[in-house]
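Trainee:
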Amino acid sequence: MPAPLRVLFSAGHSGAWRIDRISPVIGDALPGAARLAVHTAPDMPAAMSEGAAPAWILAGTTSNLRYTTGAEADALKARQEGLGRAAATRAALIPIRKTQAWWDLAQDERRAIFEERSRHIGIGLDYLPAVARRLHHARELGEPFDFLTWFEYAPEHAGAFEDMVDKLRRTEEWRYVEREVDIRLSA
Ligand code: HEM
267 MPAPLRVLFS AGHSGAWRID RISPVIGDAL PGAARLAVHT APDMPAAMSE GAAPAWILAG
327 TTSNLRYTTG AEADALKARQ EGLGRAAATR AALIPIRKTQ AWWDLAQDER RAIFEERSRH
387 IGIGLDYLPA VARRLHHARE LGEPFDFLTW FEYAPEHAGA FEDMVDKLRR TEEWRYVERE
447 VDIRLSA
């Protein structure tokens, strides 16, 4: 695994991505804003107070895998493509917080729900390489969400992306989601 990468998502007046919509899926939404900037270390803004104050900032970090088996990791590596593809002019930032009941489970119980019963990786694999993704952990940083999930895809795959999100939201895993906001973006 590469070293953890710190990432800041800053919503406000500037940034490479236009915010098309911010939809609360479960629990409270986030304030509206026009643009989203994605900063990765070491290119973090020197001071957040510079210029117009952002509407909100979410911080996360990439990490090691928790639930993925070796065979699943190989299958993912064989199919997935990286972020920043020229054709991938649509993106989704989906921050998610899971319930205390989820965090109270043991590792093997979480894995059973995540993959054996919900087929999270199995469902996701069907949508590679159309969708590129990066998972950020935020719980350990004391953030309002546990995860900041990021996806990039071409406009012609927008329908497939909706199908995947619908399937995942109907799984047992999602019964443990207590806050989810769906933020859609265009380049
Ligand atoms: C975790 C794959 C789509 C939300 C994971 C993990 C994998 C994965 C392999 C486990 C990482 C680990 O071992 O720790 C995929 C693939 C997708 C996809 C291939 C297809 C593009 C999505 C979507 C969402 C999502 C659309 C949100 C709507 C999450 C969350 C976690 C996660 C919140 C962390 C779960 C936890 O640690 O409790 N995903 N995923 N994924 N994914 Fe996905």
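The opening residue of the sequence shown carries number 267 in the working numbering; numbering runs sequentially from there. The C-beta atom is built at its ideal place from N, Cα and C for all residues, glycine as well.
1. How many angstroms separate the CA atom of PRO421 from the CA atom of THR355?
2. Helix, strand or coil for HIS239, going by three-state DSSP, please let me know.
3. Taking the CB atoms as reference points, tell me whether LEU349 and ARG284 lie closer together than 8 Å.
4. Hey, how far is the Cα of ASP448 from the Cα of PRO410?
5. Would the beta-carbon of LEU342 be found less than 7 Å away from any heavy atom of the ligand ATP?
6. Let me make sure I understand the geometry here. Which of GLU347, PHE275 and ARG376 has the alpha-carbon closest to that of ALA307?
7. Cβ of ALA307 less than 8 Å from any chain B Cβ?
8. Give the C-beta separation of ALA357 and GLU418 to the nearest angstrom, bearing in mind that I take them to be a contact with Cβ-Cβ under 8 Å.
9. Using a Cβ-based criterion (distance less than 7 Å to any ligand heavy atom), does VAL397 qualify as near the ligand HEM?
10. If you run the structure through DSSP and keep just helix, strand and coil, what is ASP309?
11. Does the Cβ of HIS481 lie closer than 7 Å to at least one heavy atom of the ligand HEM?
12. Here's a check: name, in chain order, each residue in its chain whose Cβ is nearer than 8 Å to the Cβ of THR334, leaving out the five neighbours to either side.
13. Buried or exposed for HIS279, going by 16 or more other Cβ atoms inside 10 Å?
14. Rounded to whole angstroms, what's the CA-CA distance from ALA295 to ALA337? Just pull it up for me.
15. Nearest to TRP322 by CA position, among GLY281, GLY293 and ARG376, is which residue?
16. Do you know offhand how far ARG450's Cα is from LEU359's?
17. Is it true that the CB of THR327 sits closer than 8 Å to the CB of LEU394?
18. Identify whether PHE275 lies in helix, strand or coil by the three-state DSSP scheme.
Mentor: To lay it out plainly:
1. By 1-based counting over the sequence shown, the position of residue 421 is 155. By 1-based counting over the sequence shown, the position of residue 355 is 89. Rounded to whole angstroms, PRO421 to THR355 spans 7 Å at the Cα level.
2. Because the chain is modelled from 267 through 453, residue 239 falls outside the range shown and cannot be assessed.
3. Position 83 of the sequence shown, counted from the first residue, corresponds to residue 349. Position 18 of the sequence shown, counted from the first residue, corresponds to residue 284. No, Cβ-Cβ distance for LEU349 and ARG284 is not below 8 Å.
4. Looking up residue 448 in the sequence shown gives position 182. Looking up residue 410 in the sequence shown gives position 144. When rounded, the distance between both Cα atoms is 15 Å.
5. Ligands present in the displayed structure are limited to the ligand HEM, and the ligand ATP is not among them.
6. Along the sequence shown, read from residue 1 onward, the residue named residue 307 stands at position 41. For the residues GLU347, PHE275 and ARG376, the minimum Cα distance to ALA307 belongs to PHE275.
7. Judged by its chain identifiers, the structure shown contains no chain B, having just a single protein chain.
8. In the sequence shown, the residue the question calls residue 357 occupies position 91. In the sequence shown, the residue the question calls residue 418 occupies position 152. With 8 Å as the limit, ALA357 and GLU418 qualify as a contact, their Cβ atoms being about 5 Å apart.
9. By 1-based counting over the sequence shown, the position of residue 397 is 131. It does: the Cβ of VAL397 is within 7 Å (strictly closer) of some heavy atom of the ligand HEM.
10. Counting from 1 along the sequence shown, the entry for residue 309 is found at position 43. Coil, per DSSP.
11. One cannot answer for residue 481 here, as it falls past the ends of the chain, which runs 267 to 453.
12. Numbered from its first residue, the sequence shown carries residue 334 at position 68. So the list reads LEU342 and ILE387, once near-sequence residues are dropped.
13. Translated into the one-based positions of the sequence shown, residue 279 becomes position 13. By the neighbour-count rule (16 or more Cβ atoms within 10 Å), HIS279 is not buried but exposed.
14. If you number the sequence shown from 1, residue 295 lands on position 29. If you number the sequence shown from 1, residue 337 lands on position 71. Spanning the two alpha carbons is a distance of roughly 37 Å.
15. By one-based count along the sequence shown, residue 322 stands at place 56. It is GLY281 whose Cα lies nearest to the Cα of TRP322.
16. Numbered from its first residue, the sequence shown carries residue 450 at position 184. Numbered from its first residue, the sequence shown carries residue 359 at position 93. One C-alpha to the other measures close to 7 Å.
17. The count along the sequence shown starts at 1 and reaches residue 394 at position 128. The count along the sequence shown starts at 1 and reaches residue 327 at position 61. No, these two residues do not count as a Cβ contact at 8 Å.
18. Counting from one through the sequence shown, the residue named residue 275 turns up at place 9. Here PHE275 sits in strand by DSSP.
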